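Engineer: Before anything else, here's the structure in question.
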Amino acid sequence: MAFTERVKQILSWYPSDNPGTLTHLSRMLNHGTLAGTGKMVILPVDQGFEHGPHRSFQPNPPAYDPDYHFQLAIDAGCNAYAAPLGFLEASAGKFAGEIPLILKLNNSDSLAKVGEPLSAVTGSVKDAVRLGCSAIGFTIYPGSGARNVMFEELRELIAEAKEHGLPSVVWSYPRGSAVSKDGETAVDVVAYAAQIAAQLGAHIIKVKPPKDFIEQPEAKKVFEKYSIPTKTLPDRVRHVIQSSFNGKRIVIFSGGEAKGSEEILEEVKGIRDGGGFGSIMGRNSFQRPKDEAVKLLKDVMGVFKGK
Amino acid sequence: MAFTERVKQILSWYPSDNPGTLTHLSRMLNHGTLAGTGKMVILPVDQGFEHGPHRSFQPNPPAYDPDYHFQLAIDAGCNAYAAPLGFLEASAGKFAGEIPLILKLNNSDSLAKVGEPLSAVTGSVKDAVRLGCSAIGFTIYPGSGARNVMFEELRELIAEAKEHGLPSVVWSYPRGSAVSKDGETAVDVVAYAAQIAAQLGAHIIKVKPPKDFIEQPEAKKVFEKYSIPTKTLPDRVRHVIQSSFNGKRIVIFSGGEAKGSEEILEEVKGIRDGGGFGSIMGRNSFQRPKDEAVKLLKDVMGVFKGK
Amino acid sequence: MAFTERVKQILSWYPSDNPGTLTHLSRMLNHGTLAGTGKMVILPVDQGFEHGPHRSFQPNPPAYDPDYHFQLAIDAGCNAYAAPLGFLEASAGKFAGEIPLILKLNNSDSLAKVGEPLSAVTGSVKDAVRLGCSAIGFTIYPGSGARNVMFEELRELIAEAKEHGLPSVVWSYPRGSAVSKDGETAVDVVAYAAQIAAQLGAHIIKVKPPKDFIEQPEAKKVFEKYSIPTKTLPDRVRHVIQSSFNGKRIVIFSGGEAKGSEEILEEVKGIRDGGGFGSIMGRNSFQRPKDEAVKLLKDVMGVFKGK
Amino acid sequence: MAFTERVKQILSWYPSDNPGTLTHLSRMLNHGTLAGTGKMVILPVDQGFEHGPHRSFQPNPPAYDPDYHFQLAIDAGCNAYAAPLGFLEASAGKFAGEIPLILKLNNSDSLAKVGEPLSAVTGSVKDAVRLGCSAIGFTIYPGSGARNVMFEELRELIAEAKEHGLPSVVWSYPRGSAVSKDGETAVDVVAYAAQIAAQLGAHIIKVKPPKDFIEQPEAKKVFEKYSIPTKTLPDRVRHVIQSSFNGKRIVIFSGGEAKGSEEILEEVKGIRDGGGFGSIMGRNSFQRPKDEAVKLLKDVMGVFKGK
Amino acid sequence: MAFTERVKQILSWYPSDNPGTLTHLSRMLNHGTLAGTGKMVILPVDQGFEHGPHRSFQPNPPAYDPDYHFQLAIDAGCNAYAAPLGFLEASAGKFAGEIPLILKLNNSDSLAKVGEPLSAVTGSVKDAVRLGCSAIGFTIYPGSGARNVMFEELRELIAEAKEHGLPSVVWSYPRGSAVSKDGETAVDVVAYAAQIAAQLGAHIIKVKPPKDFIEQPEAKKVFEKYSIPTKTLPDRVRHVIQSSFNGKRIVIFSGGEAKGSEEILEEVKGIRDGGGFGSIMGRNSFQRPKDEAVKLLKDVMGVFKGK
C-alpha cells in the first residue's frame, strides 16, 4: 500500500510531535479498509465497564468474550480497536500485531453514579506500551464539576504518551451539573467540547453527533448574529470540525445507542458530508450478530470511501 | 504430578502476562487436593481486621493464633491461604514453602464505619515478594462513592505486582450508597462487579453467590427481554461466569456468614453446576473445630472434584 | 493483508515476550513485498559511520543523502530500514510511518582502529522510541578481547527495549585477536556467534554467510565425528539455523562486499535453500544506481518468495 | 505431598533469609522425584554459550531446541532446570510453572579466551523475576586474577535476589593463573572454593567432584598433620561438605565431561556416601538420546533416594 | 525581519526535532548581520582553557576580560558566541539576551597532554539552560584511542539537550594515535569526521578547512576511482559538505591559527564557493585590536553575503 498524500497532509497538522507519535498515528490511518483515505472507523468496547455486562453483551452473547471484539475489528477492516485494560490484556498477546489498539485509560461505571461525573483511571501509558498499543484513549466530561480533575489527568497522560511515541484519542462528552440533558448534544456544546479536547493536546477527538439545539445563551447570540447554519447534520458537523482547529484535528463521531442500519448509514452520510473524519461504533456493531456487524461496518466504510 | 491440559487452558487465557505471573498462577492451581483440576478452594482469614478478634476467633479459640490458619489450610489441602500483613508476617517464615500465600493488600475495619466504604491499604507488593506470596489480594467496593479511589489503587498495585511476577486476586463486593442491601448480592450487580474486576486486570475474581434479585432497572429490562434465567443458583452463577470474559477469568465464590455444613455443600454444588471455579471459605472453616473444618473443606473439594 | 499462519508460528517462538514486543516484531514481518511470508529483506546503512562517507556513498552519490535510503527501502518493498541515529533523525520525521525502522545503537568507525574491536554506543532505547522505530540494532564482536563489554551492554539494552515493547536485531560478527581472518566466516565460528546472540536474547540475528572452513580444533572433531556437511552454502546455512535454537530464532544473512547481481542471487538462493530467513543488504543495494538497486532487491525477494 | 522434616531442617540453616527466599528454596527441594528428600538433581544447559552449539548439541541433535531441555527436566523429574537468558526466554512462557527454573546470570564463551577467566553478566535479577525463576545462578572462578570482579558482582546480585525472594546457586570453579590444571579439582582447592561461595552468601553451591590431589603446600601440611582422609571419593566429598559450613549449605556436584552410565552412577554413589546433596548433570544427560537420558537421571535419583 | 525561505529550508532538514530545538537553531540563524541568509559567523573563545591565557590573550590584553568577547561578538554582528562555562558565567547575566550563546561542554588543556586525546566535560546541559544558551558545544577527536568515550558522552548530551530544546554544535577534530599530523586536515579524514558528527546527531558541525591530502589508503582508492576533485579549497569543502548528509547539515569552518586578513578572506571565499555555511573565528578575531577585529569579521560576513 502506497503512503497517500492525504495521510501526509493530516500528519503535517501535528508538526510538533516526534516521529514516534506520528508513526503510530499513521499506523491507525493506514490500517484496514479505509487505509490511506484519511478516514477512520474504530471499534470501541468499553461498555462492559461503563454499562455492565448484560446490558452490553446479552443482545449478542458471543460478545461476552474478549477475543470476539478483536476478531470483529479485524474481520470488518476497522482502523483500530479501543478497550479498557482487562479486555486488551485478555487477548493482546494472542492477536499481537493484527490490529492497532487503543488502551482506554479511564472508565466510569454506572453502578455508582455518585457526585459529579468523573471516571477512574484504570490503565497507564506503560500498560499501553507493554500491550503494543498505537494510542491511549481518555474520556473527559466538560460540564462536570470534576472536569478540571480530568483535564489535568489528561494532560499529564498526553505528555507521558508522547514521550513514548503514542498519540491520544479523547472522548469528549459534555456531562454533569452544568449542562442540561439536551445540552449534552447541543451543537454549541459539542463544538466547545471538541475545542477543549484539541486545546488539551488530543490527536483524535471523539464527540457525539450534534443536534439542532443551542444550549448556551451567549453562544446562541453568536450563532444568530453570524447565521451559523445548524439545520442539517452536515451543517452541524461542519461547525464542529471547524471548531477543531479549522479541520486540522481528526474528529470522529460516535454512533450512540443501538439503532437500525438504515438510520445509522443515514447519520454516517451526514457526518461524511459535513467533513467528519469517521465513526467510532460500539453498540451498533457488537450488539448485532457478527455477520450483520461486519456488513454494517463495511457499509459505513463504504460511505466514507464514497467521498 | 503431571501438568494438566485444563491448567494449560486456563493459563492460555492470560496471553499478555509474563512467565513469572503465569508461574505463580499455576502454582496456586497446582497445589493441594484440587491441584490440576482447574478448581480452587482458598482459605481467607482477614476477619480479625474486618470484624474484630472476638467475633472472628472466639467461636474456635485456637484460631486466635496465626499459625493455626496456615496449618488448617495445609491440612485441608487448600490451594492457597489469604490474609493481611500481620497474620502472614507472624507465620510465613515458619511455614515457608508449605502453601501458596495471598497477601491481602487492603483491609477495612468495622470499628469506624464512617463515610462511603473504603479500605485502607495495609500491605505492599514488596511485602508480598518478601513473604514469598504467590499473589496479591485486594478488595474493591463497586457502588461505593469512594469506588474510584479503590479502582485506581488496584490498577497501580496490579501493574506493580505483574512486574514482580505476581497475579492478583480481587474481592469485588458491591457496597455503599449506590446499592441497596439486597442489591449487594443481586445477580445483575454481582455480575457487574465481576466484570469491573476483570476489566481492571484481576486474574482471580472473588464474589458472593448471587441471589435471585435484580437491582438496576436498566438491567432488569435486559434480563427480561433476553429471558436470562436467574431462578436457580447454577443459573445465576452461570451468568456471573459469562460476565467474567465469557468464562475466561477464574471466578470463585465466598461462603459468607457461618452456616451449617449441609447448607454449605448445597451452595457449593450450585456454584459447581453453574461453572464456578471454586470457593473461598473463611468463617465457615476457621470458626469450626479444626477436624470439622478440615472435613468440611475436604467435602467441598470433593464436590468440585465431582464434576 | 491477512495475518498468516507462518507469522503466527514465528511469533510463537517468543512466548516470554510482552504483546508490545511481539507487535513490533510482527510489524517488520508484515511489511513490504515479503509481508507474511516469514522472510525478511532489510536495508542497513551504517557504512557512512563504519567505513567513511566516500567509500560508502561515492559509487552512487545520491546515497550521500539520508532521504535516499528511506525512499530506496520503501520503493524496493523492504521489511525494514536500519541505520545509526544521525541518518534516522535526518528523515524519520519526514517519512513517519512509511517503513519500519531499526535504530543501530552502536557503531564502530574505521578511522581509529585501536585495541580490541569495540563499538561506541551511539544511540539509546529512548531515541528508538522517540523516532518511532520497530526495533533496536546492536553489534557484538565475539572473539574480541572486549566482547564481554559488548555482551553486557547488549543485555541491558535488550532488557530496556523489551520494557518499551521493542525487539532487538543483533549483528553478531566474530572479530578480534581470538579469531583468524578466515575464522571470522568459518562455519563453526558463525554458528557459535549466532548461538551467543540467541542466548543473549536477540530476536533477530544477523550473521555473515559461513564459508567451508572450520576454525576451532575442538569444533573440527565434532564436525568430523558426526559428519556435519559443510560443502555447500545450504549445508552451512542449515547448520547456522540449527545452531540458533533449532531454527526458532530469525536468522538473516548479510551480503558483505559489493559484487555482481548474478553472484548475489546465487548466494541468496543458497541462503534460502539452507533455511535462512532473509538477507540484509547494504552496499550491494545503495552503491548501485537506484533503479538497479530496486531491481536487485526485488529479485532477491523473488528468490525468497520462490520457496 | 507432605512437607518433610528433612526439608524443614535444611531451611533452618538459613535463618536470616526472608520467607520469600526460603519459599523458593523449598520449591526446588520439593519438586520432582526427589521432592522432600533434601537431595537434588538439576539439569543445567549453558554449554551452547560456553562450548558452542555443535560441541554441545550435535551428539543428540534434538537438544538444539530450547523446548527439549524443559521437557527433559520435566520428564526425568529433576528438581530444577538451569540455563542462560536466551534458552529460558525461548520456552519459559510455554512451560510456565512446570518446573523450577534457575537463570544463570553470567556466562563465558570459548571463542575468545583472552586474559584471566571472567564471565560476562548476561542476565539480571529482574529477568529472573519476570521469567518466573526460583533462583539465580552465577559462576565464580576462584584462582582467577579477575576473581574479585566476580566475587563483587555475585554479592551484589545475591543481595538483589534476596530482596526479590530468590535464593542463589553458585557454580564455584577454580580456574585461572593461580591454579594448576590438576589443582582445579584438587580436594583442598575444591573445598576452599566451596567455602568462598558459602561465605559470599550462596544458598546452593555447585563444585566438581574433588580428586585425590592437594594443590596448596600450606594445605598439604594440614591434611597430613591431621590425617584428613582423601583416598576415596566419599572421603573427599565429606571434606568438601564439612568445608561448607559443616554441612549446613546445600552442595551439589557436577558430572563434568560425557562418560558411561556405569561410571556416572559409581561417581554418584561416592557423592552420596560422602554426604553430597545431589548432582547437576548437563552433558551426561542432554547428549544422550532422550529415553537414555531420562533413564540415567532416574537411576541417579534412585541412588540418592537409596540413602 | 521576515523569516526567510532559506532558514525554513534549513530547519526542514531536522524533521525529527521538537519545536524548542528548532526555535533555538533558528535563533542563531536569525541573529546578527547574516540573519536570514542561512550563513553563520560564530565567535569562539575557548583558547584560555585550551592554550593558556598568555598565548591566547596577551596579543590583545583587553581579551583577558570575559566581557570583552561578548561585546566583540555583539559589535561585529556575529550569529553566536561560544565559550566554556567560566567565560559565560562571568558575563551572561550582564549581557542577557544580547547575543545567542553556545556553552562548550568539554575542554582540553595543554598543560597535561597525557595519553590519547580526550577532553574533560566542563559543563552541563543544565548549565546551558541556566545561562540562557541557544546551543551546547562539544568536541570529539575521531582518530583518538579515546574516541568512543567522547562519542558516548556526546550522544548522551545531545539527547539531554534536545529534551531541553537545545541544538548541538560539534567540533569534530581528528587527532590521536590513529591519524598522522597531516592526516588531521586530510580531505578524506575531515569529511569522515564530519560524517561521524552528523551520525551522532550534531545540528551544526565545525571542522577545519581540508587540505589537498588523502590519509587513508582505502579512501585514496575511492577518490582516484571516482575522480573526486580535491585540488582547490572549494572542491574539498564541497566534498565535506556532501559528506555531511548531502548538504543537509550546517557545516562551518574554523580559521585555525592567526594569520593575515588577506589570507583569511581568501580562505573564506573558498569556503563560501564550496558551499560552506560559515566560519567560526577565534584567534583571528580576538587577538587583533577590537576595531580591526570588528572590521575583519564584517568583511568575512560580507564574503558570505556575496553569494
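Residue numbers (my numbering), protein chains in the order written: chain A, 2 to 308; chain B, 2 to 308; chain C, 2 to 308; chain D, 2 to 308; chain E, 2 to 308. Glycine included, each C-beta is placed from N, C-alpha and C at the ideal position. Computed from a prediction, not measured in an experiment: that's the story for all the values here.
Along the alpha helix (DSSP H) that carries K299 of chain E, what are the first and last residues, could you check?
Structural biologist: Your numbering for residue 299 of chain E matches position 298 in the fifth sequence. Looking at the DSSP string, the run of the alpha helix (DSSP H) that includes K299 of chain E is K291 to K306.
Engineer: Note down the Cα distance separating I206 of chain A from L35 of chain E, rounded to an integer number of angstroms.
Structural biologist: Translated into the one-based positions of the first sequence, residue 206 of chain A becomes position 205. Translated into the one-based positions of the fifth sequence, residue 35 of chain E becomes position 34. If you take the alpha carbons of I206 of chain A and L35 of chain E, they lie about 44 Å apart.
Engineer: Please return the same chain residues whose Cβ sits closer than 8 Å to the Cβ of R28 of chain B, not counting the five positions on each side in sequence.
Structural biologist: Within the second sequence, residue 28 of chain B is the residue found at index 27, counting from 1. Once the five neighbours on either side are set aside, the close Cβ partners of R28 of chain B are P101 and S135.
Engineer: Tell me whether the segment 116-132 of chain C and the segment 85-93 of chain C touch, counting them as touching only if at least three CB pairs, one residue from each stretch, are closer than 8 Å.
Structural biologist: The segment 116-132 of chain C makes contact with the segment 85-93 of chain C: 3 or more CB pairs, one atom from each, lie closer than 8 Å.
Engineer: Along the chain, where does the beta strand (DSSP E) containing S280 of chain D start, and where does it finish?
Structural biologist: Along the fourth sequence, read from residue 1 onward, the residue named residue 280 of chain D stands at position 279. Element bounds for S280 of chain D: G279 to I281.
Engineer: Can you pull the chain A residues whose beta carbon is under 8 Å from the beta carbon of P20 of chain C, in chain order?
Structural biologist: As a working mapping, residue 20 of chain C is identified with position 19 in the third sequence. In chain order: A93, G94, A97, R131, L132 and G133.
Engineer: Could you run through the segment 142-161 of chain E and flag, in chain order, every residue whose CB is less than 7 Å away from some CB of chain C?
Structural biologist: Cβ proximity to chain C below 7 Å picks out P143, G144, S145, G146, R148, N149, F152, E153, R156 and A160 from the segment 142-161 of chain E.
Engineer: My output table needs one value for L158 of chain E: the three-state DSSP class, helix, strand or coil.
Structural biologist: Reading the fifth sequence from its first residue, position 157 is the one you call residue 158 of chain E. Looking at L158 of chain E - three-state DSSP - the assignment turns out to be helix.
Engineer: Name the residue from A:P118, A:I197, A:G202 and A:P211 whose alpha carbon lies nearest to the alpha carbon of T186 of chain A.
Structural biologist: Counted from its first residue, the first sequence places residue 186 of chain A at position 185. Of all alpha-carbon atoms in A:P118, A:I197, A:G202 and A:P211, the one lying nearest the alpha-carbon of T186 of chain A is that of A:P211.
Engineer: Kindly indicate which three-state DSSP category I100 of chain A falls into: helix, strand or coil?
Structural biologist: Taking the first residue of the first sequence as position 1, residue 100 of chain A is located at position 99. DSSP places I100 of chain A in coil when its eight states are reduced to three.
Engineer: At which residue ranges does the segment 213-240 of chain B contain complete alpha helix (DSSP H) runs of 4 or more residues, listed in the order of the chain?
Structural biologist: 218-226
Engineer: For F4 of chain A, which of A:P16, A:D18 and A:G39 has the nearest alpha-carbon?
Structural biologist: Counting from one through the first sequence, the residue named residue 4 of chain A turns up at place 3. Checked all of A:P16, A:D18 and A:G39; the closest Cα to F4 of chain A is A:G39.
Engineer: Would a C-beta distance cut-off of 8 Å place I1 of chain D and G277 of chain D closer than the cut-off?
Structural biologist: Lying outside 2 to 308, the shown extent of chain D, residue 1 of chain D is not represented and no answer is given.
Engineer: Are the beta-carbon atoms belonging to V180 of chain B and A203 of chain B less than 8 Å from one another?
Structural biologist: As a position in the second sequence, residue 180 of chain B is number 179, starting the count at 1. As a position in the second sequence, residue 203 of chain B is number 202, starting the count at 1. No, the pair does not count as a contact, with Cβ atoms beyond the cut-off.
Engineer: Could you check which residue in D:R156, D:S245 and D:I281 has the C-alpha nearest to that of E258 of chain D?
Structural biologist: Counted from its first residue, the fourth sequence places residue 258 of chain D at position 257. The candidate whose alpha carbon is nearest that of E258 of chain D is D:I281.
Engineer: Within the same chain, show all residues whose beta-carbon is closer than 6 Å to that of L30 of chain C, passing over the 5 residues directly before and after it, in chain order.
Structural biologist: If you number the third sequence from 1, residue 30 of chain C lands on position 29. Correct list, in chain order: V8.
Engineer: Go ahead and label Q10 of chain A buried or exposed: buried means 16 or more other beta carbons lie within 10 angstroms of its beta carbon, across all protein chains shown.
Structural biologist: The residue labelled residue 10 of chain A in the question sits at position 9 within the first sequence. Flag for Q10 of chain A reads exposed.
Engineer: Going by the beta-carbon positions, is the gap between P63 of chain E and K291 of chain E smaller than 8 Å?
Structural biologist: Here residue 63 of chain E refers to the residue found at position 62 when the fifth sequence is read from its first residue. Here residue 291 of chain E refers to the residue found at position 290 when the fifth sequence is read from its first residue. Result yes, Cβ atoms of P63 of chain E and K291 of chain E sit closer than 8 Å.
Engineer: For the segment 39-57 of chain D against the segment 110-117 of chain D, do three or more pairs of beta-carbon atoms, one drawn from each stretch, fall closer than 8 Å, so that the two count as touching?
Structural biologist: yes
Engineer: Out of curiosity, what's the CA-to-CA distance linking L106 of chain A and E154 of chain A?
Structural biologist: Here residue 106 of chain A refers to the residue found at position 105 when the first sequence is read from its first residue. Here residue 154 of chain A refers to the residue found at position 153 when the first sequence is read from its first residue. Taking the straight line from one Cα to the other gives about 10 Å.
Engineer: Closest by CA to V188 of chain C, which one among C:L266, C:I251 and C:D236?
Structural biologist: Indexing the third sequence from 1 puts residue 188 of chain C at position 187. Checked all of C:L266, C:I251 and C:D236; the closest Cα to V188 of chain C is C:D236.
Engineer: Taking the alpha carbon of A198 of chain E as the point to measure from, which residue in E:S178, E:E219 and E:M151 has its own alpha carbon closest?
Structural biologist: Residue 198 of chain E sits at position 197 when you count from the first residue of the fifth sequence. Here the closest residue by C-alpha is E:M151.
Engineer: Do we get a CB-CB distance below 8 Å when we pair S262 of chain E with the residues of chain C?
Structural biologist: Sequence index remark: in the fifth sequence, residue 262 of chain E carries index 261 (1-based). Chain C contact via Cβ: absent.
Engineer: For G124 of chain C, collect the residues of the same chain with a Cβ closer than 6 Å to its Cβ; drop the 5 residues on either side in sequence, then sort them by chain order.
Structural biologist: Here residue 124 of chain C corresponds to residue number 123 of the third sequence, with the count starting at 1. Within the same chain, G124 of chain C has close Cβ partners L86, L104 and L106.
Engineer: Output the distance between the C-alpha atoms of Q288 of chain B and S57 of chain B, rounded to the nearest integer angstrom.
Structural biologist: Start at 1 with the first residue of the second sequence, and residue 288 of chain B comes out as number 287. Start at 1 with the first residue of the second sequence, and residue 57 of chain B comes out as number 56. Q288 of chain B and S57 of chain B have their C-alpha atoms spaced approximately 7 Å apart.
Engineer: Taking buried to mean at least 16 other C-beta atoms within 10 Å of its own C-beta, is P218 of chain E buried or exposed?
Structural biologist: Residue 218 of chain E sits at position 217 when you count from the first residue of the fifth sequence. Exposed: under 16 other Cβ atoms inside 10 Å.
Engineer: Against chain E, which members of the segment 15-47 of chain A pass a CB distance test of less than 8 Å?
Structural biologist: P16, S17, N19 and P20
Engineer: What are the residues of the segment 158-187 of chain C that lie near chain A, defined by any Cβ-Cβ distance shorter than 7 Å?
Structural biologist: H165 and G166
Engineer: Take F1 of chain C and list the residues in its own chain whose beta-carbon comes closer than 6 Å to its own, dropping the five residues that flank it on each side.
Structural biologist: The structure shown does not extend to residue 1 of chain C, since chain C spans only 2 to 308, so no value can be given for it.
Engineer: Checking the sheet assignment: what are the DSSP bridge partners for G138 of chain B?
Structural biologist: Here the question's residue 138 of chain B lines up with position 137 in the second sequence. DSSP lists B:K105 and B:V170 as partners of G138 of chain B.
Engineer: In the DSSP assignment, what are the bridge partners of S255 of chain B?
Structural biologist: The count along the second sequence starts at 1 and reaches residue 255 of chain B at position 254. For S255 of chain B, the pairing in a beta bridge is given by DSSP as B:I281.
Engineer: Closer than 8 Å, CB to CB, is S125 of chain A near chain B or not?
Structural biologist: In the first sequence, the residue the question calls residue 125 of chain A occupies position 124. For S125 of chain A, the answer is yes, since a Cβ of chain B falls inside 8 Å of its Cβ.
Engineer: Give a yes or no on whether the C-beta atoms belonging to G145 of chain E and L119 of chain E are separated by under 8 Å.
Structural biologist: Walking along the fifth sequence from the start, residue 145 of chain E turns up at place 144. Walking along the fifth sequence from the start, residue 119 of chain E turns up at place 118. What sits at residue 145 of chain E in the sequence shown is Ser, not Gly. Their beta carbons are under 8 Å apart, which means S145 of chain E touches L119 of chain E by this criterion.
Engineer: So which of A:P175, A:F305, A:K296 and A:M41 has the shortest CA-CA distance to R273 of chain A?
Structural biologist: As a position in the first sequence, residue 273 of chain A is number 272, starting the count at 1. Comparing Cα-Cα distances from R273 of chain A to each of A:P175, A:F305, A:K296 and A:M41, the minimum goes to A:F305.
Engineer: Taking the C-alpha atoms as reference points, what is the distance between L73 of chain C and D68 of chain E?
Structural biologist: As a first step, residue 73 of chain C is located in the third sequence; it is residue number 72 there, counting from the start. As a first step, residue 68 of chain E is located in the fifth sequence; it is residue number 67 there, counting from the start. Approximately 52 Å between the Cα atoms of the pair.
Engineer: Given a cut-off of 8 Å, decide if V126 of chain A and L158 of chain A are closer than it, judged by their beta-carbon atoms.
Structural biologist: Translated into the one-based positions of the first sequence, residue 158 of chain A becomes position 157. Translated into the one-based positions of the first sequence, residue 126 of chain A becomes position 125. In contact: L158 of chain A and V126 of chain A (Cβ atoms closer than 8 Å).
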